[in-house]
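Protein chains in written order, with the working numbering: chain A, 120 to 442; chain B, 401 to 702.
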């Protein structure tokens, strides 16, 4: 082919290509093969995405399955109205109220710390702080949620509790106040980061409108930015509540392990989560009523967080502002 | 006119007062973090030496160490990473690049958002009922690793999706224009370009898993263990062994919890030292994640 003129060469090449039906068939087969491969890959990826649904089904299924054997022994009425929770005693009583009370009190203390502080920090970072300060402080605060909770438990018991004992005479070493307070500080970044994101998403024109009417920064922040970002802020509050209800190690270490039906944060009391930990530490035989009781407690916890998540979903829709 | 000036001065004063309150509130968090670190260092630094890292737990506080628990943490993390990363990245790619707008996609998305709000101890209960007793995996490293993998799966999925979302549409269109298939676009372009963001999410997820205590206590991890799982590499053929997957285990945070709940002050010192190791690991992982995020953001300008 070498000594043929250029045109003839390319003509020969063209002929070469056109007279290759087997090659065309091969490429069609290759294309079909690659289409099959694409379908297989897509199915694998879909399966991976569905695994998260399987996890949810596993959680709900196991909680209901194990609790159903529990509720075959214990009436739902006794579970909800009895004021004693002593499932491991010789004559066991199964009233969840003391554990729910412990959970609610520690959660309330945590929220009393986290919601106001977190909101103020969010307003400060979003409306007042210079960009440089914000870029440093935000990740620094987020480190608070990176500390393992067992370390916070140690801090609550060994640092916060002695500190509060100096302020409140007669405070026992194990108490819901110090556990709740430390938990609240841990939750601050959940509130502040998400709320700040929501506030920064509020269009600048709204602020400028307020300034033009003579408002200062703080009035603008409270009367214009905060209400406009309420949907996102409520979402951050709900997340904080879920975290506080489900938090385990801080309360297990610092709030005490005795079920105690009280609403006084200065007293020690076990939460739902602390009870589950306490039972799991011992070696309970599979299928015993004590073993089933942790699933009933877990189901209660799951229902509580689910209720708050649904409430959050409704509130978010209710407060959504579109720009 | 002086009225006007007085009003302006008052408004400026209000701003200043709030600014101070804001700074104070921010300091509450920062100061607590500092106090926590100082407290741990003051209590635990004296106990932290090579012997502490290479000794088994013991009845005698001054001889006790964290060998079995940090090895346990390491093995658990291997299982967790090898499960959660492929699963989470695959799920993220599916939801971001493949999924159509239909009820199934909606279901998966709502489900992932809800999973992120489920308390970690609930995952432990699920693993206890399902993995330990139904699937008979036992109270093993495998069960522990899978439990934490399920726990961090939503974080990995969300991080992958966010990283993919930052890649401009033009990249995908150019690749399609050159005849790429969907998988080729994902494999050759989207995954490599999103690796920084995804890595950041994975590291943060793993650092959270390292600190998790409650779910592992729930599935029945040991609080006192004086032997190591069988090593993964062996002298005799076939050289690689997976027996460690079936071994009982303890992890660092459980060891710390065990020591902290003893009344004996000497064990509390051990707890502080273990906590110091734990917090050093998690904070450095977070630092690495922040650095990666910063460098990615600086290097890639679409």
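Idealized CB from N, CA, C, for every residue including glycine.
In this text, all values refer to a predicted model and were calculated from it rather than measured experimentally.
Under 9 angstroms, do residue 570 of chain B and residue 399 of chain A count as touching if we go by C-beta distance?
Within the second chain, the letter at position 170 stands for residue 570 of chain B. Within the first chain, the letter at position 280 stands for residue 399 of chain A. No.
Is residue 382 of chain A close to chain B? Criterion is C-beta to C-beta, closer than 9 angstroms.
Counting from one through the first chain, the residue named residue 382 of chain A turns up at place 263. So, not an interface residue.
Mind checking whether residue 372 of chain A and residue 276 of chain A have CB atoms under 9 angstroms apart?
On the first chain, residue 372 of chain A is found 253 positions in, with the first residue counted as 1. On the first chain, residue 276 of chain A is found 157 positions in, with the first residue counted as 1. Yes, Cβ-Cβ distance for residue 372 of chain A and residue 276 of chain A is below 9 angstroms.
Going by Cα to Cα distance, which pick from B:532, B:540, B:566 and B:633 is closest to residue 625 of chain B?
Indexing the second chain from 1 puts residue 625 of chain B at position 225. Residue B:540 is the option with its Cα nearest to residue 625 of chain B.
Do residue 388 of chain A and residue 295 of chain A have their C-beta atoms within less than 9 angstroms of each other?
Residue 388 of chain A sits at position 269 when you count from the first residue of the first chain. Residue 295 of chain A sits at position 176 when you count from the first residue of the first chain. Going by C-beta atoms, residue 388 of chain A is nearer than 9 angstroms to residue 295 of chain A.
Can you tell me the Cβ-Cβ gap for residue 368 of chain A and residue 269 of chain A, rounded? I've got them flagged as a contact below 8 angstroms.
Walking along the first chain from the start, residue 368 of chain A turns up at place 249. Walking along the first chain from the start, residue 269 of chain A turns up at place 150. Correct: roughly 5 angstroms between the Cβ atoms.
Would residue 676 of chain B and residue 529 of chain B be called neighbours here (beta carbons separated by less than 9 angstroms)?
The sequence position of residue 676 of chain B within the second chain is 276, counting from 1. The sequence position of residue 529 of chain B within the second chain is 129, counting from 1. No, the pair does not count as a contact, with Cβ atoms beyond the cut-off.
9 angstroms is my cut-off, CB to CB: does residue 683 of chain B come that close to chain A?
For this step, residue 683 of chain B is matched to residue 283 along the second chain. With 9 angstroms as the cut-off, residue 683 of chain B counts as an interface residue toward chain A.
Under 7 angstroms Cβ-Cβ, which residues of chain C neighbour residue 598 of chain B?
The structure shown contains no chain C; the protein chains it does contain are A and B.
Going along the region 412-429 of chain B in order, which residues come within less than 9 angstroms of chain A, judged by CB to CB distance?
If the cut-off is 9 angstroms between Cβ atoms, the region 412-429 of chain B has 412, 414, 415, 417, 418, 419, 421, 422, 423, 424, 425, 426, 428 and 429 near chain A.
Run down chain B in chain order and give the residues with a C-beta less than 7 angstroms from the C-beta of residue 394 of chain A.
The residue given as residue 394 of chain A occupies position 275 in the first chain. In chain order: nothing, as chain B lies at least about 10 angstroms away.
For residue 415 of chain A, which residues in the same chain have their Cβ closer than 6 angstroms to its Cβ, ignoring the five residues on either side in sequence?
Residue numbering aside, residue 415 of chain A sits at position 296 when the first chain is read from its first letter. Around residue 415 of chain A: 186 and 189.
For residue 466 of chain B, name the three-state secondary structure that DSSP assigns.
In the second chain, the residue the question calls residue 466 of chain B occupies position 66. Coil, per DSSP.
Report the residues of the region 190-207 of chain A with a CB closer than 8 angstroms to any CB of chain B, ordered along the chain.
Of all residues in the region 190-207 of chain A, none has a Cβ within less than 8 angstroms of some Cβ in chain B.
Taking the alpha helix (DSSP H) that residue 443 of chain B falls in, what are its first and last residues?
Here residue 443 of chain B corresponds to residue number 43 of the second chain, with the count starting at 1. First-last of the alpha helix (DSSP H) with residue 443 of chain B: 402-444.
Residues of chain A with CB under 9 angstroms from residue 342 of chain B, in chain order?
Residue 342 of chain B cannot be examined here, being either before or after the span of chain B that is shown, 401 to 702.
Given that a residue counts as buried once 16 or more other Cβ atoms are within 10 Å of its Cβ, and exposed if not, what is residue 127 of chain A?
To locate residue 127 of chain A, count along the first chain from 1; it is residue 8. The predicted position of residue 127 of chain A is uncertain, since its pLDDT is 46 and thus under 50; no value can be drawn from it.
Using a 10 Å radius around the Cβ and a threshold of 16 neighbouring Cβ atoms, would you call residue 200 of chain A buried or exposed?
If you number the first chain from 1, residue 200 of chain A lands on position 81. Exposed, by the Cβ-count rule.
Would you call the CB atoms of residue 191 of chain A and residue 212 of chain A closer than 9 angstroms?
Reading the first chain from its first residue, position 72 is the one you call residue 191 of chain A. Reading the first chain from its first residue, position 93 is the one you call residue 212 of chain A. Contact flag unset, no.
Give the list of continuous alpha helix (DSSP H) stretches no shorter than 4 residues that lie fully inside the region 378-425 of chain A.
List check, alpha helix (DSSP H) in window: 391-400.
Report the start-end ranges of each alpha helix (DSSP H) in the region 240-273 of chain A that is 4 residues or longer and not cut off at the edges.
Entirely contained in the region 240-273 of chain A, the alpha helix (DSSP H) runs reaching 4 residues are, in chain order, 250-261.
Whole angstroms are fine: how far does the CA of residue 335 of chain A sit from the CA of residue 195 of chain A?
On the first chain, residue 195 of chain A is found 76 positions in, with the first residue counted as 1. On the first chain, residue 335 of chain A is found 216 positions in, with the first residue counted as 1. Taking the straight line joining both Cα atoms gives about 56 angstroms.
Any beta carbon of chain A sitting closer than 9 angstroms to that of residue 494 of chain B?
For the purposes of this step, residue 494 of chain B is taken as the residue at position 94 of the second chain. Yes, residue 494 of chain B counts as interfacial toward chain A.
Is the region 221-237 of chain A close to the region 306-322 of chain A, with three or more CB pairs under 8 angstroms?
Touching, per the Cβ criterion.
Does residue 633 of chain B come out as helix, strand or coil in the three-state DSSP assignment?
The residue you call residue 633 of chain B lines up with position 233 of the second chain. Of the three classes helix, strand and coil, the one that applies to residue 633 of chain B here is strand, per DSSP.
With a cut-off of 8 angstroms on the beta carbons, I'd call residue 629 of chain B and residue 647 of chain B a contact; round off their distance for me.
On the second chain, residue 629 of chain B is found 229 positions in, with the first residue counted as 1. On the second chain, residue 647 of chain B is found 247 positions in, with the first residue counted as 1. Residue 629 of chain B to residue 647 of chain B, Cβ: 3 angstroms. Contact.
So with Cβ pairs under 9 angstroms, would you call residue 540 of chain B a contact of chain A?
Here residue 540 of chain B refers to the residue found at position 140 of the second chain. No, residue 540 of chain B lies away from the interface with chain A (no Cβ there is under 9 angstroms from its Cβ).
DSSP state of residue 213 of chain A, grouped into three classes?
Here residue 213 of chain A refers to the residue found at position 94 when the first chain is read from its first residue. Note: residue 213 of chain A maps to strand in three-state DSSP.
Is it the case that the region 313-321 of chain A contacts the region 344-356 of chain A, given that we only count it when at least three CB pairs across the two stretches are under 8 angstroms?
Counting Cβ pairs under 8 angstroms, three or more are found: they touch.
Identify whether residue 436 of chain A lies in helix, strand or coil by the three-state DSSP scheme.
On the first chain, residue 436 of chain A is found 317 positions in, with the first residue counted as 1. Helix, per DSSP.
What's the C-alpha gap between residue 433 of chain A and residue 226 of chain A?
Working through the first chain from its first residue, we reach residue 433 of chain A at position 314. Working through the first chain from its first residue, we reach residue 226 of chain A at position 107. Those two C-alpha atoms are separated by around 21 angstroms.
Could you tell me whether the region 576-595 of chain B touches the region 499-508 of chain B, using the rule of 3 or more Cβ pairs below 8 angstroms?
No, they do not touch.
Would you give the residue range spanned by the alpha helix (DSSP H) that residue 680 of chain B belongs to?
Numbered from 1 along the second chain, position 280 holds the residue referred to as residue 680 of chain B. From DSSP, the alpha helix (DSSP H) with residue 680 of chain B extends over 665-699.
Below 8 angstroms on C-beta distance, what does residue 657 of chain B contact in chain A?
Here residue 657 of chain B is taken as the residue at index 257 of the second chain, counted from 1. Under the 8 angstroms cutoff, chain A gives 269, 272, 368, 371 and 372.
So, helix, strand or coil for residue 352 of chain A, using DSSP?
Position 233 of the first chain, counting from 1, holds the residue named residue 352 of chain A. If DSSP states are grouped into helix, strand and coil, residue 352 of chain A belongs with the helices.
Looking at residue 247 of chain A: is its Cβ nearer than 9 angstroms to the Cβ of residue 340 of chain A?
Along the first chain, read from residue 1 onward, the residue named residue 247 of chain A stands at position 128. Along the first chain, read from residue 1 onward, the residue named residue 340 of chain A stands at position 221. Their beta carbons are under 9 angstroms apart, which means residue 247 of chain A touches residue 340 of chain A by this criterion.
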